[in-house]
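Undergrad: Residue numbering for the sequence shown follows this note's numbering, beginning at 9 and increasing consecutively.
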Amino acid sequence: MLQTFHKNRRPFIVNHALYPFFQHRHFMTHKGFFCALILGTGLFFQTFLLPMPAFSQSKEDYPEGDQEYFKALLEIEKDEEYKKFLMDSVSYAGDKKVEYVDYKGVRPAVDEKGTAPADTGTDAAQFRQQTYEALRNMDWFRKNNYQNFIRNVGQNIYPLIIASDYEPGKEGVGSTYYLYRRDRPVESVTPTSVMYEMEKILAHIPMGVFIVISPYFDNVANRPEGWEEPLIEYRKHVGNIKAHFVNSDFSQATSARAIKMLDMVDNYLQDCIENNSGDEKSYRAFSHQIIPYVAEAMKSAVELQVQAGLRAMSQWKKELGPKEWDRLHVLIPVVWPVAEGNPRRQIFEHLMTPERAKTNIFEVHARSHDEARTTLGRIKGDSVMAGLTFDKNTHFGMGSYLRLSSPTDLVQGATKEELKKYPKTKETVLPMQTPHSD
Numbered sequence: 009m010l011q012t013f014h015k016n017r018r019p020f021i022v023n024h025a026l027y028p029f030f031q032h033r034h035f036m037t038h039k040g041f042f043c044a045l046i047l048g049t050g051l052f053f054q055t056f057l058l059p060m061p062a063f064s065q066s067k068e069d070y071p072e073g074d075q076e077y078f079k080a081l082l083e084i085e086k087d088e089e090y091k092k093f094l095m096d097s098v099s100y101a102g103d104k105k106v107e108y109v110d111y112k113g114v115r116p117a118v119d120e121k122g123t124a125p126a127d128t129g130t131d132a133a134q135f136r137q138q139t140y141e142a143l144r145n146m147d148w149f150r151k152n153n154y155q156n157f158i159r160n161v162g163q164n165i166y167p168l169i170i171a172s173d174y175e176p177g178k179e180g181v182g183s184t185y186y187l188y189r190r191d192r193p194v195e196s197v198t199p200t201s202v203m204y205e206m207e208k209i210l211a212h213i214p215m216g217v218f219i220v221i222s223p224y225f226d227n228v229a230n231r232p233e234g235w236e237e238p239l240i241e242y243r244k245h246v247g248n249i250k251a252h253f254v255n256s257d258f259s260q261a262t263s264a265r266a267i268k269m270l271d272m273v274d275n276y277l278q279d280c281i282e283n284n285s286g287d288e289k290s291y292r293a294f295s296h297q298i299i300p301y302v303a304e305a306m307k308s309a310v311e312l313q314v315q316a317g318l319r320a321m322s323q324w325k326k327e328l329g330p331k332e333w334d335r336l337h338v339l340i341p342v343v344w345p346v347a348e349g350n351p352r353r354q355i356f357e358h359l360m361t362p363e364r365a366k367t368n369i370f371e372v373h374a375r376s377h378d379e380a381r382t383t384l385g386r387i388k389g390d391s392v393m394a395g396l397t398f399d400k401n402t403h404f405g406m407g408s409y410l411r412l413s414s415p416t417d418l419v420q421g422a423t424k425e426e427l428k429k430y431p432k433t434k435e436t437v438l439p440m441q442t443p444h445s446d
C-alpha cells in the first residue's frame with residue numbers, strides 16, 4: 009500500500025510542477041512569497057469557514073443557575089488569601105471555637121418495613137435487611153458529624169454581619185444589624201428613626217383595610233352577625249391617630265398627607281359598616297385613590313432607611329479596615345415574599361466590591377442567629393469540600409463544584425436528563441417497572 013501511495017504521489021507532484029504558472033519566471037523568483045501567500049490563504053479559509061477543533065475556543069459551560077455567581081466563584085479561586093481564610097474556617101485548630109452537639113436524639117423512627125427481623129437467620133432477605141440497617145447507621149453517623157461540621161464552620165467565619173428584620177419588638181423597623189468579630193463582644197445597631205416606622209405603617213394602610221374587608225367580598229347580602237367589628241376597631245385606631253397628628257410637630261406636608269390617607273380609610277370603612285357594602289369593586293376604587301399617597305410614604309421610608317443604613321454600615325466599614333471588610337460575610341434573614349431585592353442587600357452591595365457582593369451576601373431562611381450562621385457554614389463548608397473533592401478540570405467535576413457552592417442542587421443536571429426519558433402527556437404516569445425497581 010505504501011509503495012502504491014508513493015507511485016501515485018510522484019506523478020501528482022510532477023504534473024503540478026509542469027503547470028505554466030509554476031514555471032513562470034515571477035513565480036520562480038518569488039516562490040517563497042507565493043508559497044506563504046497560498047498557505048496563508050488556506051489557513052484563513054480553514055479558520056473562519058471550517059475551524060479545526062484544536063483552534064476553536066470552547067464556550068464556558070456552567071450548570072443552570074446564577075451564571076454571574078458561578079463566574080464570581082471561579083474568580084475568587086485566584087485569591088489565595090481568601091482561599092486560606094476559608095480553609096482556616098473549616099479547620100478547628102488553635103483557639104477557634106469547637107463545639108460538638110449530639111443530634112442523635114432527633115433521629116427519625118424507622119417504620120415497620122425498615123425494622124430488623126426479631127429472629128436471626130441465614131436467608132438472603134434477612135441479610136439484606138441487616139445491610140440496610142448497617143448503611144443507615146453509617147449514614148446517621150455522617151449526618152451527625154455533618155451537622156456539627158457546618159455549625160462550627162459558621163461559628164468560625166469572622167467578621168460577620170447579620171442584618172435582621174425580625175427581632176422581638178423591632179419587627180419592621182428597618183433592620184437591626186449585628187457585627188460579629190473574633191474575640192470581641194457582638195455589636196448591634198438599629199439606625200432608622202421612628203419617622204421610618206411611621207412612614208412604613210402609613211404605606212401599609214391598604215393592606216390593613218384589605219385584610220378586614222376581603223373575607224366578605226362575595227357575601228355582601230348574607231354576612232354573619234358581628235362581621236363589622238374588625239372594621240369598627242380599625243376606625244377607632246384611625247381616629248386616635250388623627251387626633252395625635254393634629255397636635256404633633258411633624259412637618260406640615262407630612263401631617264397633611266397622613267391625615268388625608270386616614271380620612272380616606274375612615275370614610276371607606278364607615279360606608280362599609282353603615283351600608284353593609286364593601287366588595288371587590290369598592291375596595292379597588294378606594295385603593296386606587298389612596299395609592300398615590302402610599303407611594304409618597306414608601307419613597308420617604310426608603311430614603312430614611314437607606315440614609316441611616318449607609319451611615320451605620322459605613323462606620324463599621326471604617327472600623328474594620330479594608331482587609332477585614334474584604335473578608336466580611338453578610339447574612340440577611342428573610343421570608344420568601346421579600347427574599348429578593350431587599351434594601352439590606354442593596355446597601356451592602358453599594359459598599360462592597362461587585363465580586364464580594366456576589367459571593368459573600370446571602371439571604372437565608374432562619375429563625376435565629378445560630379441557625380443563620382449554621383446555614384453560612386453549610387454554604388462555605390460545602391464549597392471548600394467540593395473544591396477539594398471534585399476535579400474541576402473535568403466537565404462533571406466543575407459542574408459538581410459549582411452546584412455544591414450555590415443554591416443549585418447537585419443532581420439538577422442528572423434529574424433533568426432522567427426526566428427526558430418520560431415524555432410529557434396529559435397524565436404522566438411512571439412505568440410500573442423501572443431499571444432499578446426492587
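Each residue gets a CB set at the ideal place from its N, CA and C atoms; glycine is no exception.
For a minimum of 3 consecutive residues, which ranges assigned as the beta strand (DSSP E) are wholly contained in the region 228-305?
TA: Taking only runs of at least 3 residues, no beta strand (DSSP E) segment lies wholly in the region 228-305.
Undergrad: Distance, Cα to Cα, Val-342 vs Arg-381?
TA: Using only the alpha carbons, I get a separation of about 14 Å.
Undergrad: Could you tell me the boundaries of the beta strand (DSSP E) in which Phe-135 lies?
TA: First-last for Phe-135: 132-163, but that is the alpha helix (DSSP H), not the beta strand (DSSP E).
Undergrad: Give me the DSSP bridge partner(s) of Glu-83.
TA: Its beta-bridge partners do not exist; DSSP assigns none.
Undergrad: Going by other Cβ atoms of all chains shown within 10 Å of its Cβ, with 16 needed for buried, is Met-269 buried or exposed?
TA: Met-269 should be labelled buried.
Undergrad: My output table needs one value for His-212: the three-state DSSP class, helix, strand or coil.
TA: Coil at His-212, not helix or strand.
Undergrad: Going by alpha carbons, who is nearest to Glu-379 out of Gly-162, Thr-397, Val-346?
TA: The option with the nearest alpha carbon to Glu-379 is Gly-162.
Undergrad: Can you round the beta-carbon distance between Glu-357 and Ala-365 to whole angstroms, since I take them to be within the 8 Å contact cut?
TA: Going by Cβ atoms, the distance from Glu-357 to Ala-365 rounds to 4 Å, so yes, they are a contact pair.
Undergrad: Hey, Asn-160 and Gly-385 are a contact pair by Cβ (cut 8 Å); roughly how many whole angstroms apart?
TA: With a Cβ gap of about 7 Å, Asn-160 and Gly-385 count as contacting.
Undergrad: Pick from Arg-189, Thr-198, Pro-193: whose alpha carbon is nearest that of Ser-183?
TA: Comparing Cα-Cα distances from Ser-183 to each of Arg-189, Thr-198, Pro-193, the minimum goes to Thr-198.
Undergrad: Identify which residue in Gln-420, Gly-389, Met-406, Leu-410 has its Cα closest to the Cα of Phe-93.
TA: Of the listed residues, the one whose Cα sits closest to Phe-93 is Gly-389.
Undergrad: Starting from His-488, trace the beta strand (DSSP E) both ways and give me its first and last residue.
TA: This structure gives no information on residue 488, because the portion of the chain shown stretches from 9 to 446.
Undergrad: Check Val-314 in the structure and name its three-state DSSP category.
TA: DSSP places Val-314 in helix when its eight states are reduced to three.
Undergrad: If you compare alpha carbons, which of Glu-237, Ser-259, Ala-266 is closest to Lys-250?
TA: When only C-alpha atoms are compared, the closest one is Ala-266.
Undergrad: Check Glu-371 in the structure and name its three-state DSSP category.
TA: Of the three classes helix, strand and coil, the one that applies to Glu-371 here is strand, per DSSP.
Undergrad: By DSSP, does Tyr-90 sit in helix, in strand, or in coil?
TA: Three-state DSSP puts Tyr-90 in a helix.
Undergrad: At the level of alpha carbons, what is the spacing between Ser-285 and Ser-295?
TA: Rounded to whole angstroms, Ser-285 to Ser-295 spans 15 Å at the Cα level.
Undergrad: What's the C-alpha gap between Pro-431 and Gly-421?
TA: Distance between the alpha carbons of Pro-431 and Gly-421: 17 Å.
Undergrad: Among Gly-395, Pro-232, Glu-288, Arg-243, which has the Cα closest to the Cα of Ile-213?
TA: The shortest Cα separation from Ile-213 among Gly-395, Pro-232, Glu-288, Arg-243 belongs to Arg-243.
Undergrad: What span of residues does the beta strand (DSSP E) with Tyr-7 cover, start to end?
TA: It is not possible to answer for residue 7, since the shown part of the chain is limited to 9 through 446.
Undergrad: With DSSP run on the structure shown, which of helix, strand or coil describes Leu-396?
TA: Reduced to three states, the DSSP call for Leu-396 is helix.
Undergrad: Using 8 Å as the threshold, is the C-beta distance between Val-372 and Leu-339 below it?
TA: Cβ distance < 8 Å, so Val-372 and Leu-339 count as in contact.
Undergrad: Helix, strand or coil for Glu-107 per DSSP?
TA: Note: Glu-107 maps to coil in three-state DSSP.
Undergrad: Can you tell me which of Met-406, Phe-258, Val-220 puts its alpha carbon nearest to the alpha carbon of Ile-240?
TA: Taking only the C-alpha atoms, the option nearest Ile-240 is Val-220.
Undergrad: Buried or exposed for Leu-410, going by 16 or more other Cβ atoms inside 10 Å?
TA: Per the 10 Å Cβ criterion, buried.
Undergrad: Taking only the alpha-carbon atoms, compute the straight-line gap between Ala-132 and Arg-144 and give it to the nearest angstrom.
TA: So the alpha carbons of these two residues sit roughly 18 Å apart.
Undergrad: Taking three-plus beta-carbon pairs below 8 Å as touching, is the region 302-318 in contact with the region 195-209?
TA: Segments in contact, yes.
Undergrad: Taking C-alpha atoms, which residue in Val-217, Met-321, Tyr-174, Ala-305 lies nearest to Lys-208?
TA: Minimum Cα distance to Lys-208 is reached at Ala-305.
Undergrad: Just confirm the distance between the C-beta atoms of Ile-281 and Glu-236, as a whole number of angstroms; I'd bet it's less than 8 Å.
TA: Right, the Cβ-Cβ distance comes to about 5 Å (below 8 Å), so this counts as a contact.
Undergrad: Considering only C-alpha positions, which residue in the set Asn-275, Asp-147, Asp-257 is nearest to Gly-247?
TA: Measuring from the Cα of Gly-247, the nearest candidate turns out to be Asn-275.
Undergrad: On the premise that Ala-211 lies in contact with Val-302, defined as a C-beta separation below 8 Å, what is that separation, rounded to the nearest angstrom?
TA: That belief holds up - the Cβ atoms of Val-302 and Ala-211 are roughly 5 Å apart, short of 8 Å.
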